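In terms of the working numbering, the sequence shown has 282 at position 7, counting the first letter as 1, and numbering is strictly consecutive.
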Amino acid sequence: MPLEILTIPCLSDNYAYLVHDDATGQTALIDVPEADAILKALADRQWHLSEVWITHHHADHVQGLADVLTAHPAKVRGAADDSHRLPALDFALGDGESFDFAGHEVEVMDVSGHTIGHIAYYCADAKAVFTADSLMALGCGRLFEGTADQMWKSLSKLAVLPPDTQIYSGHEYTAANARFALTIDPHNSDLISRSQGIAASRTAGKPTVPSSLATEAATNPFLRAADPTIRAHLNMQHASDSEVFAEIRARKDAF
């Protein structure tokens, strides 16, 4: 049976996700920005939490964990490279490792850049990757700890997943990201159309995540450093892809 994925708005602009397998009753939680919204979602569906998958150490992704575990004792997974500053882990994971969740293989991907030791969780069966603050809808995370080259390598790793993979990112930043993207790729008809759809979704109070990797590849400037039109717009025709990405990221930081 297919996995059910539930998007849970948290705090002012965070997302957590519940992944549920009806056949076994197992439920996983990706990141814990706050406890109340997550506990309500579990209670409303009468789901019992089995596992928690942490992407990185920032407080807005882990601060609700203790309260959630008090109500739902569960195993906690996270990056071995980040374990010194994460809550206590039952399973410390490395890049390229995989684990079984309710009969579905989940692959761990190091996507350092936003932080060092940031990981994503990819489940091919569900056509889903949980990217938190690495690849985001029309954006990518700010480089708090890593370098532009590290983030570009991380995004490039995610970019070769199947095009129909759904990107479950960590924040509702898409409207602001769209405004910035249009300054980098102003004549992209797919981006213009997507930006209009995003505005309508936000006006209606609807989340703009997940989004497909195909959509991101066509519209997200942070994945499009090799695009000749963007390179010409930035006057960087002879730069490396990593250098173009770094320029786009720097412009976003100042936007």
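Here a beta-carbon is modelled for each residue, glycine too, at the ideal position from N, C-alpha and C.
Treat the numbers as computed from the prediction; the structure is a model and nothing was measured.
Within the same chain, A377 come within 6 Å of T299 by CB-CB distance, once the 5 residues on both sides are set aside. Distance from A310 to D342 at the Cβ level is roughly 4 Å; contact confirmed, criterion being Cβ atoms closer than 8 Å. Between the alpha carbons of V351 and H323 lies a gap of roughly 14 Å. One Cα belongs to M276, the other to P482, and the distance between them is close to 25 Å. Here V435 is exposed: its Cβ has fewer than 16 other Cβ atoms, across all protein chains shown, within 10 Å. The beta carbon of P438 lies closer than 6 Å to those of L488 and A489 in the same chain, with the five residues before and after it left out.
Using a 10 angstroms sphere on the CB of R320, the tally of other CB atoms stays under 16, which defines it as exposed. Burial state of D408 is buried, judged by a 10 Å Cβ sphere holding 16 or more other Cβ atoms. Cβ contact annotation for D528 (same chain, cutoff 7 Å, sequence separation greater than five): R417, in chain order. K350: member of the beta strand (DSSP E) spanning K350 to A354, first to last residue.
Partner residues in the beta bridge of F374, as assigned by DSSP, are V381.
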